[in-house]
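Sequences listed follow chains S and Y, in order. As numbered in this note's numbering, residues 5 to 455 make up the first sequence, in order. As numbered in this note's numbering, residues 5 to 455 make up the second sequence, in order. C-beta atoms are modelled at their ideal positions from N, C-alpha and C, and glycine is treated no differently. Here the structure comes first, spelled out in structure tokens, and everything after it is commentary.
Protein chains: 2
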Amino acid sequence: MIGDGMGLAQITVAEVYLAALQNDIAPHLLSFSDFPSQGFMTTHAYDRYITGSAASGTAIATGHKTSIGTISMGPKHKIKYKSVATKAHEKGLKVGILTTVPIDHATPAVFYANEPVRHSNYNIGRQLPLSGFDYFAGGGFTYPDGRNHDQENLVALLKNYGYNYIDTKKDFQKLSPGDGKVLAVNPVLEDGAMPYRIDQTRNDITLADFTAKGIEMIDNETGFFMMVEGGQIDWAAHANDAATLIREVLDFDEAVAEALKFYKNHLNETLIVVTADHETGGMALGGRNTKYSSYFDRLKNQKVSMNEFGRLLKQYATAKAGTFSFEDALDMASKYFGLGKKNDGLMLNKADLVRLRKAYEAEFEGVKPASILDEMAVSYNGNYPFASVAVQILNEKSGVSFTSNSHTGIPVPVKAIGPGAELFDGLIDNTDISKNIEVIMGLNKNRFIGW
Amino acid sequence: MIGDGMGLAQITVAEVYLAALQNDIAPHLLSFSDFPSQGFMTTHAYDRYITGSAASGTAIATGHKTSIGTISMGPKHKIKYKSVATKAHEKGLKVGILTTVPIDHATPAVFYANEPVRHSNYNIGRQLPLSGFDYFAGGGFTYPDGRNHDQENLVALLKNYGYNYIDTKKDFQKLSPGDGKVLAVNPVLEDGAMPYRIDQTRNDITLADFTAKGIEMIDNETGFFMMVEGGQIDWAAHANDAATLIREVLDFDEAVAEALKFYKNHLNETLIVVTADHETGGMALGGRNTKYSSYFDRLKNQKVSMNEFGRLLKQYATAKAGTFSFEDALDMASKYFGLGKKNDGLMLNKADLVRLRKAYEAEFEGVKPASILDEMAVSYNGNYPFASVAVQILNEKSGVSFTSNSHTGIPVPVKAIGPGAELFDGLIDNTDISKNIEVIMGLNKNRFIGW
């Protein structure tokens with residue numbers, strides 16, 4: 005189970021957010037916080053210290069370091085590496101691959117595809133049905149008809165290979181083990197990705213739902229291998245969007261809790277490993293604004309993701325044509341982020357207002373920052389300057405901070421429970437994950453040993 | 005062995021700095037990086053999520069959560085807690101307490117004193133000889149004659165209690181086990197603290213020297229307990245001074261290596277636990293400037309600590325009276341930090357020069373920032389704006405970043421080797437450290453059990 009971008013700070017912020025909601029100081033543990041085996045995992049790629057999801061995913065899935073952007077091939081793209089999932093499949097185990105991001109995204113892809121460039125999503129998608137894996141779920145294809153809409157449709161291809169394609173909640177709920185191989189996607193997708201948990205509605209299917217169903221679908225006498233990715237922890241961290249990130253970690257945690265339910269009924273034959281491919285955002289619990297104080301509960305005021313807030317603002321501004329004022333934008337920041345509300349400690353000071361106004365002017369009036377200092381003071385992440393500054397200000401007032409919009413190079417936690425979990429103790433490398441799992445599952449032996 | 009402020013990023017930055025100097029991508033391990041038992045430790049205080057050295061030190065030394073600023077007493081200052089060091093001493097073991105910061109500072113103090121307020125350094129110092137511990141070393145007293153120079157001299161008091169006071173390198177080298185109890189301090193101290201390792205000369209005594217000598221002094225048939233603190237990792241992290249911090253971590257690592265030498269000759273009877281009281285600075289390996297790239301070797305260009313650079317600048321400016329120009333300051337930044345040197349990738353861009361000039365104007369021409377944006381762009385740590393901005397710029401170009409000048413709330417690594425080390429695996433709390441050590445050493449039994 006891989007929390008993409010889920011470093012130590014990402015796990016901890018979810019724990020202390022839950023505590024803060026109850027007015028507690030001690031962190032509230034997640035389902036995997038105190039797994040009996042724990043360690044630190046180095047993540048560097050073959051050719052760069054700060055890794056990416058493709059290179060680190062390849063290491064996790066195949067036991068080989070590779071170059072940045074490569075999907076389960078050698079650093080020069082001359083050799084293909086076989087993933088632990090493929091090896092399990094070849095031994096007759098059933099296999100499930102689940103994610104909240106597109107199913108042809110780097111982390112799921114490294115388990116079933118070999119491709120020189122991670123951004124060749126269509127090529128990756130073509131390889132999905134060739135894997136013969138039993139259960140794919142969560143996100144869908146990024147470019148079902150190719151990047152230029154001129155290729156064979158991947159859903160049609162999938163069906164040719166005998167897979168079911170499920171994209172409604174009703175059909176998903178009816179899915180049962182006798183239905184055969186399947187790609188089951190969330191009813192709402194954007195370029196193949198599920199909505200952030202904070203933006204999901206009752207019509208969405210959560211990662212935990214997909215996980216529970218997946219276990220039901222592929223559990224069998226011979227055994228199964230399942231990879232579950234909380235893929236948008238990374239995306240929220242890239243955006244430095246703390247409140248959204250916390251909901252993504254809790255969403256992932258619910259999926260781990262489903263795996264734990266199965267574990268508890270199948271002790272001594274179930275191994276669960278929870279880790280990450282890298283840290284994203286250089287996240288810290290504390291900051292220059294709040295110093296030694298913490299107000300993590302203030303993050304509950306954020307009602308939608310930064311991206312969704314940006315979209316809402318743009319919609320509203322378009323609807324009001326030329327009359328969308330700075331005060332209108334502030335009203336939206338109050339409604340969706342609680343900014344300006346006295347009783348929640350979210351009053352805006354002069355510096356906050358200067359930054360928000362500059363972001364408003366840049367986004368809605370096309371004003372370019374007048375100086376380098378202006379640019380530095382109003383630093384934007386992504387396409388929505390005003391939403392980005394609103395997020396930054398809420399983070400600062402809550403005691404959460406970030407140093408980067410990219411990945412960072414800190415080792416990530418590994419937490420494991422079940423037979424062989426002790427192999428994940430201590431300091432390990434990302435290449436050890438599949439190596440250890442293969443040893444524990446006996447996948448490198450001539451015949452399958454079982455537990 | 006406690007690295008004050010030594011979170012996961014602080015350990016890792018030292019590992020990747022060593023690697024970068026050799027042009028390697030994979031981290032070079034420190035002496036304790038791959039200890040067989042490893043875990044994560046929560047650090048929160050009784051009354052605040054982000055802890056301080058007094059509260060976290062009290063938890064580590066006594067097994068009790070307490071309030072911020074309290075030295076081994078209850079949160080309301082009504083009860084005194086007995087430290088693991090005191091318990092070991094009462095069982096007839098010899099005890100050593102070593103640090104690079106003043107010996108009456110919070111982390112060493114919690115092992116031998118009980119005091120409501122950590123800043124009562126003089127009161128803490130008075131309790132040092134009462135402990136009867138055998139070997140104190142590294143830093144000296146903050147206020148030997150009290151804060152107002154009107155109290156009994158602590159060195160004289162110490163001698164009255166039969167302690168030797170050693171403050172020259174020659175006398176230190178001659179020290180031998182027959183010499184009795186001692187406080188041995190570095191020949192050069194500033195308010196009781198040793199110089200940063202990066203600023204030390206051959207006349208200084210390193211923490212590793214103090215550790216080796218301490219082991220020689222207190223090793224005996226009954227056993228010993230020793231606490232060694234790398235106390236200025238925290239200080240460098242507060243200053244966001246990455247190059248200085250790395251040297252402090254490596255200095256601490258040398259001390260651990262001395263303990264390991266003893267361990268290797270006394271297997272099955274020596275436990276070494278390496279941890280931290282909290283993280284400081286919200287440090288990350290990566291940043292908005294360098295994104296996915298790392299240039300940790302650029303930090304070797306920094307020749308002195310930020311504070312020492314600030315002092316040198318001030319001296320030079322004073323010597324040049326009214327003629328110390330911005331160009332003079334830039335020359336100093338080139339000499340001591342390599343800033344502006346093309347071949348090391350340390351060219352200064354327009355934004356760097358704007359920030360340095362504003363810092364120069366603030367520090368040497370008394371110009372106050374004109375606007376909030378100016379203040380934000382030129383953020384100062386401590387008393388030396390120009391040195392502070394020089395450090396920030398070198399960090400940014402090296403791929404190291406910080407989010408705070410205070411502590412943060414992320415759990416810290418625990419690494420252990422020796423009998424009972426497995427008790428430090430998994431997720432533990434800072435109160436578990438002394439509890440575990442007491443179990444392993446049998447200190448809570450009526451008689452000492454031995455190994």
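Rounded to the nearest angstrom, how far is the Cβ of residue i from that of residue j, given a contact under 8 Å?
i                 : j                 : result
Val278 of chain Y : Met5 of chain Y   : 5 Å
Glu283 of chain Y : His93 of chain Y  : Not a contact, Cβ separation roughly 31 Å.
Ser76 of chain Y  : Asn118 of chain Y : 5 Å
Pro423 of chain Y : Asn272 of chain Y : 6 Å
Ile276 of chain Y : Phe256 of chain Y : About 13 Å; that fails the 8 Å criterion.
Ile421 of chain Y : Ser41 of chain Y  : 7 Å
Ala1 of chain Y   : Leu102 of chain Y : Limits of chain Y in this structure are 5 at one end and 455 at the other, which puts residue 1 of chain Y out of reach.
Val105 of chain Y : Gly11 of chain Y  : 18 Å between Cβ atoms; not a contact.
Ile54 of chain Y  : Tyr296 of chain S : 5 Å
Leu162 of chain Y : Leu187 of chain Y : 6 Å
Go ahead and label residue i buried or exposed: buried means 16 or more other beta carbons lie within 10 angstroms of its beta carbon, across all protein chains shown.
i                 : result
Ala13 of chain S  : buried
Gln396 of chain Y : buried
Ile107 of chain Y : buried
Leu350 of chain Y : buried
Ile83 of chain Y  : exposed
Asp183 of chain S : exposed
Lys95 of chain S  : buried
Glu19 of chain S  : buried
Asp436 of chain Y : buried
Lys324 of chain Y : exposed
Asp138 of chain S : buried
Tyr50 of chain Y  : buried
Thr111 of chain S : buried
Lys80 of chain S  : exposed
Gly326 of chain S : exposed
Arg451 of chain Y : Interpretation of Arg451 of chain Y is limited by its pLDDT of 43, a score under 50 that renders its predicted location unreliable; no figure is taken from the coordinates.
Tyr166 of chain Y : According to the sequence shown, residue 166 of chain Y is Gly rather than Tyr. Flag for Gly166 of chain Y reads exposed.
Asp48 of chain Y  : The sequence given here places His at residue 48 of chain Y; Asp does not occur at that position. It counts as buried.
Ala374 of chain Y : exposed
Gly454 of chain Y : Bear in mind that the predicted position of Gly454 of chain Y carries a pLDDT of just 41, short of 50, making it too unreliable to give a figure here.
Determine the closest residue to residue i out of the options, with distance taken between C-alpha atoms.
i                 : options                                   : result
Ala30 of chain S  : Y:Lys439, Y:Ile432, Y:Asn448 and Y:Gly446 : Y:Ile432
Arg52 of chain Y  : S:Asp175, S:Phe300 and S:Phe145           : S:Phe300
Phe313 of chain S : S:Asn152, S:Asp28, S:Pro415 and S:Gly386  : S:Gly386
Lys439 of chain Y : Y:Leu193, Y:Asp281 and Y:Val88            : Y:Val88
Tyr340 of chain Y : Y:Phe36, Y:Asn409 and Y:Ala391            : Y:Ala391
Leu25 of chain Y  : Y:Glu331, Y:Ala325, Y:Leu303 and Y:Leu193 : Y:Leu303
Thr294 of chain Y : Y:Met336, Y:Tyr147, Y:Glu400 and Y:Gly413 : Y:Glu400
Asn461 of chain S : S:Ile421, S:Tyr167 and S:Pro417           : Within the shown structure, residues of chain S are numbered from 5 to 455, placing residue 461 of chain S beyond reach of any answer.
Glu369 of chain S : S:Thr322, S:Val99, S:Lys86 and S:Asp356   : S:Thr322
Ile170 of chain S : S:Glu194, S:Gly143, S:Gly150 and S:Asn157 : S:Gly143
Ile15 of chain S  : S:Ala23, S:Asp28, S:Asn27 and S:Leu34     : S:Leu34
Gly430 of chain Y : S:Phe44, S:Val99 and S:Phe228             : S:Phe44
His4 of chain Y   : Y:Asp332, Y:Pro415 and Y:Arg151           : No answer is possible for residue 4 of chain Y: it lies beyond the span of chain Y, which begins at 5 and ends at 455.
Glu442 of chain Y : Y:Tyr116, Y:Val186 and Y:Lys91            : Y:Lys91
Glu258 of chain S : S:Phe214, S:Ala325, S:Pro120 and S:Thr274 : S:Phe214
Gly266 of chain Y : Y:Gly235, Y:Ser297, Y:Ile222 and Y:Met287 : The question names Gly, yet the displayed sequence has Phe at residue 266 of chain Y. Checked all of Y:Gly235, Y:Ser297, Y:Ile222 and Y:Met287; the closest Cα to Phe266 of chain Y is Y:Ile222.
Val114 of chain Y : Y:Asn157, Y:Lys69 and Y:Lys163            : Y:Lys69
Lys173 of chain S : S:Leu162, S:Ala261, S:Pro181 and S:Val189 : S:Val189
Tyr364 of chain Y : Y:Lys354, Y:Asn353, Y:Asn127 and Y:Leu317 : Y:Leu317
Leu357 of chain Y : Y:Glu331, Y:Lys372, Y:Glu379 and Y:Gly136 : Y:Glu331
Ala288 of chain S : Y:Ser408, Y:Gly291 and Y:Asp348           : Y:Ser408
Gly291 of chain S : S:Gln319, S:Lys217 and S:Phe406           : S:Phe406
Asn164 of chain Y : Y:Lys185, Y:Leu193, Y:Tyr116 and Y:Leu352 : Y:Lys185
Ordered list of beta strand (DSSP E) runs contained in the region 341 to 424 of chain Y, each at least 3 residues | Here the runs fully enclosed are 416 to 421.
At a cut of 8 Å, does the region 186 to 206 of chain Y reach the region 244 to 264 of chain Y through at least three beta carbon pairs?
-> yes
Quick one: complete beta strand (DSSP E) runs, 3+ long, within the region 66 to 134 of chain S?
-> Runs found: 98 to 103.
Return the chain-ordered ranges of every beta strand (DSSP E) run that is complete within the region 130 to 174 of chain S and spans a minimum of 3 residues.
-> 139 to 142 and 168 to 170
Would you say the region 237 to 245 of chain Y touches the region 220 to 229 of chain Y, given that touching needs at least three Cβ pairs under 8 Å?
-> Contact between the region 237 to 245 of chain Y and the region 220 to 229 of chain Y is absent, because fewer than three Cβ pairs lie under 8 Å.
Which runs of the beta strand (DSSP E) fall wholly inside the region 40 to 70 of chain Y and span at least 3 residues, in chain order?
-> 41 to 46
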